[in-house]
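Colleague: Chains as they are written, first to last, in the working numbering: chain A, 45 to 204; chain B, 57 to 301.
Next up, the structure:
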């Protein structure tokens, strides 16, 4: 009697789901809501931002809260949404070993960290005020970048 | 690798993904809840942003209810009265370029008292009434003029907002007004009667656009057509009694 054919499983499709991408997705979701809240505030849809530490009012009403007509928080919303989407795609069996997803996660989170570092510099040395939500976002994107670092292994050793 | 081991690994992977989806969903629910609560509680606030019906018996009651905000010596021989709208670009230009000159020379010298009355043109400036009330709320802590200037300086930002209250609350913090007291004042009907009365008073005085400037001195009132500092200063000097010049 011939052996039954081996069923293609999630494991065969790309191994176990990469934990680091799960972490990126969850942290990205937290960052997305922080950015959404700031965007809603910027559009006048929320009440005042009450900061326990720092001065969100000064930061949010400064000229640096926008790049041209685009609120910085809107850029955050789009960026976090893109990182979440990438992480979720990268968790699907067919893409768990994907070099493209790994490369994009590294590049996206790296860009996010650079952008966030610039905004933090503005808060510290130009605006001279801190917004706690911006600080939370900066921490989130830094953690996402750190969680993306294992992608280096996939990018170097992956087959797709 | 045996088939059994494959199945075990697949089950473990499915279990990991399930746990992940539960955590992801929980974070999503909490996030939607927090952001949704902040947005909905602001959108359904009770801030009065349009003129209200005034129950007044006669003109004397209107005059008593209408209140300008004054700057300068009460005994100054000349009073400059502005009827202004916070959403009006012309008023912004007047507030940011002409008024500082009035303050620096005519008010500082004691020749002029400057009085601002609200005249929100709500048919074309939907946020102007709320802005006028916001400035009055700032006056509760003696910060009217600081707030007045911040409103005009940021006019482009809040004028186009569909819900400008949060911007007004930010500006209150910026000028040092207590955030909680200001929010309570703004999210109520406080000063809606005063701003409405100012609007009504202006209408009865023939104001039909903003800024409208009147100069009062020696029992005479003159309405100005040009709002540059030179014209205004000339008019003031003409109306001053020789001894006050």
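All C-beta atoms in this analysis are idealised placements derived from N, C-alpha and C, irrespective of residue type, glycine included. All values derive from a computational prediction rather than experimental measurement.
Tell me the DSSP secondary structure of residue 147/A in three-state form.
Modeller: Taking the first chain and counting its residues from 1, one reaches residue 147/A at position 103. Here residue 147/A sits in helix by DSSP.
Colleague: Among the candidates 133/B, 191/B and 180/B, whose CA atom is the shortest distance from the CA of residue 242/B?
Modeller: As a position in the second chain, residue 242/B is number 186, starting the count at 1. For residue 242/B, the nearest C-alpha among the options comes from 191/B.
Colleague: Does the region 79-93 of chain B come close enough to the region 217-237 of chain B that 3 or more CB-CB pairs lie under 8 Å?
Modeller: no
Colleague: Going by beta carbon distance, what residues of the same chain come within less than 8 Å of residue 164/A, once the five residues before and after it are set aside?
Modeller: As a first step, residue 164/A must be located in the first chain, where it is residue number 120. Counting only residues of its own chain and dropping the five nearest sequence neighbours on each side, residue 164/A has a CB closer than 8 Å to the CB of 178, 179 and 182.
Colleague: Roughly how many angstroms lie between the CA atoms of residue 175/B and residue 105/A, to the nearest whole one?
Modeller: For the purposes of this step, residue 175/B is taken as the residue at position 119 of the second chain. For the purposes of this step, residue 105/A is taken as the residue at position 61 of the first chain. Cα-Cα distance, rounded: 26 Å.
Colleague: According to DSSP, simplified to helix, strand and coil, what is residue 286/B?
Modeller: The residue given as residue 286/B occupies position 230 in the second chain. Looking at residue 286/B - three-state DSSP - the assignment turns out to be helix.
Colleague: Report the neighbours of residue 84/A on chain B: residues whose CB is nearer than 8 Å to its CB, in chain order.
Modeller: Your numbering for residue 84/A matches position 40 in the first chain. Chain B residues near residue 84/A: 91, 94 and 95.
Colleague: Which residues does DSSP list as the beta-bridge partners of residue 171/B?
Modeller: Locating residue 171/B in the second chain gives position 115, where the first residue counts as 1. Partner(s): 126/B and 137/B.
Colleague: Provide the residue(s) that pair with residue 270/B in DSSP beta bridges, ordered along the chain.
Modeller: Here residue 270/B refers to the residue found at position 214 of the second chain. Per DSSP, 137/B and 279/B.
Colleague: Do you know whose CA, among 162/B, 272/B, 152/B and 132/B, lies nearest residue 140/B's CA?
Modeller: Residue numbering aside, residue 140/B sits at position 84 when the second chain is read from its first letter. Among 162/B, 272/B, 152/B and 132/B, the Cα nearest to that of residue 140/B belongs to 152/B.
Colleague: Roughly how many angstroms separate the alpha carbons of residue 187/A and residue 71/A, rounded to a whole number?
Modeller: By 1-based counting over the first chain, the position of residue 187/A is 143. By 1-based counting over the first chain, the position of residue 71/A is 27. The alpha-carbon atoms of residue 187/A and residue 71/A are separated by roughly 8 Å.
Colleague: What does DSSP give as the partner residues of residue 115/A in its beta bridges?
Modeller: Locating residue 115/A in the first chain gives position 71, counting from the first residue. According to DSSP, residue 115/A bridges with 110/A.
Colleague: Step through the CB atoms of chain B and report whether any lies within less than 8 Å of the CB of residue 117/A.
Modeller: In the first chain, residue 117/A corresponds to position 73, counting from 1. Chain B contact via Cβ: absent.
Colleague: Helix, strand or coil: how does DSSP classify residue 100/A here?
Modeller: Within the first chain, numbered from 1, the residue matching residue 100/A stands at position 56. Helix.
Colleague: Quick test of the definition: if touching needs 3 or more C-beta pairs under 8 Å, does the region 59-67 of chain A touch the region 58-69 of chain B?
Modeller: yes
Colleague: Got a sec: is the Cβ-Cβ distance from residue 295/B to anything in chain A below 8 Å?
Modeller: For the purposes of this step, residue 295/B is taken as residue 239 along the second chain, with counting starting at 1. Not closer than 8 Å to any Cβ of chain A, the Cβ of residue 295/B fails to qualify, so no.
Colleague: When DSSP builds the beta bridges, which residues end up paired with residue 193/B?
Modeller: As a position in the second chain, residue 193/B is number 137, starting the count at 1. Residue 193/B pairs with nothing; no bridge assigned.
Colleague: Can you name the residues of chain B whose CB is closer than 8 Å to the CB of residue 81/A?
Modeller: In the first chain, counting from the first residue as 1, residue 81/A sits at position 37. Ordered by position in chain B, the residues that pass the 8 Å Cβ test against residue 81/A are 90, 91 and 94.
Colleague: Give the secondary structure of residue 144/B by DSSP, where H, G and I count as helix, E and B as strand, and everything else as coil.
Modeller: One-based indexing of the second chain puts residue 144/B at position 88. Residue 144/B: coil per DSSP, three-state reduction.
Colleague: Between which two residues does the alpha helix (DSSP H) harbouring residue 85/A extend?
Modeller: Here residue 85/A refers to the residue found at position 41 when the first chain is read from its first residue. Its alpha helix (DSSP H) spans residues 63-86.
Colleague: Take residue 146/B and list the residues in its own chain whose beta-carbon comes closer than 7 Å to its own, dropping the five residues that flank it on each side.
Modeller: As a working mapping, residue 146/B is identified with position 90 in the second chain. Closer than 7 Å at the Cβ level, and outside the excluded window around residue 146/B, lie 266 and 267.
Colleague: Classify residue 59/B: buried if its beta carbon has 16 or more other beta carbons within 10 angstroms, exposed otherwise.
Modeller: For this step, residue 59/B is matched to residue 3 along the second chain. When all chains shown are included, residue 59/B counts as exposed.
Colleague: Could you confirm whether any beta carbon from chain A is found closer than 8 Å to the beta carbon of residue 83/B?
Modeller: Residue numbering aside, residue 83/B sits at position 27 when the second chain is read from its first letter. Interface residue, yes.
Colleague: Which residues of the region 189-201 of chain A have a Cβ closer than 7 Å to any Cβ of chain B? Give them in chain order.
Modeller: none
Colleague: Closer than 7 Å by beta-carbon distance: list the chain B residues that pair up with residue 69/A, in chain order.
Modeller: Here the question's residue 69/A lines up with position 25 in the first chain. Those within 7 Å of residue 69/A in chain B are 80.
Colleague: Against chain A, with Cβ distances strictly below 8 Å, would residue 69/B count as a contact?
Modeller: For this step, residue 69/B is matched to residue 13 along the second chain. Yes, contact with chain A.
Colleague: If contact is defined by three or more beta carbon pairs under 8 Å, each pair taking one atom from either stretch, is the region 193-207 of chain B in contact with the region 224-238 of chain B?
Modeller: With a cut-off of 8 Å, the region 193-207 of chain B and the region 224-238 of chain B count as touching, because enough Cβ pairs lie within range.
Colleague: Here's the rule: buried if 16 or more other CB atoms are within 10 angstroms of the residue's CB, otherwise exposed. What is residue 96/A?
Modeller: Within the first chain, residue 96/A is the residue found at index 52, counting from 1. At residue 96/A the pLDDT is 49, less than 50, meaning the model places this residue with poor confidence; the figure from the coordinates comes in the next sentence. So residue 96/A counts as exposed.
Colleague: Tell whether a beta-carbon distance below 8 Å holds between residue 260/B and residue 271/B.
Modeller: Mapped onto the second chain, residue 260/B falls at position 204. Mapped onto the second chain, residue 271/B falls at position 215. In this structure, residue 271/B does not lie closer than 8 Å to residue 260/B by Cβ.
Colleague: If you measure between the beta carbons of residue 152/A and residue 195/A, is that distance less than 8 Å?
Modeller: As a first step, residue 152/A is located in the first chain; it is residue number 108 there, counting from the start. As a first step, residue 195/A is located in the first chain; it is residue number 151 there, counting from the start. In this structure, residue 195/A does not lie closer than 8 Å to residue 152/A by Cβ.
Colleague: Closest to residue 199/A by C-alpha separation, out of 131/A, 143/A and 85/A, would be which residue?
Modeller: Start at 1 with the first residue of the first chain, and residue 199/A comes out as number 155. Minimum Cα distance to residue 199/A is reached at 143/A.
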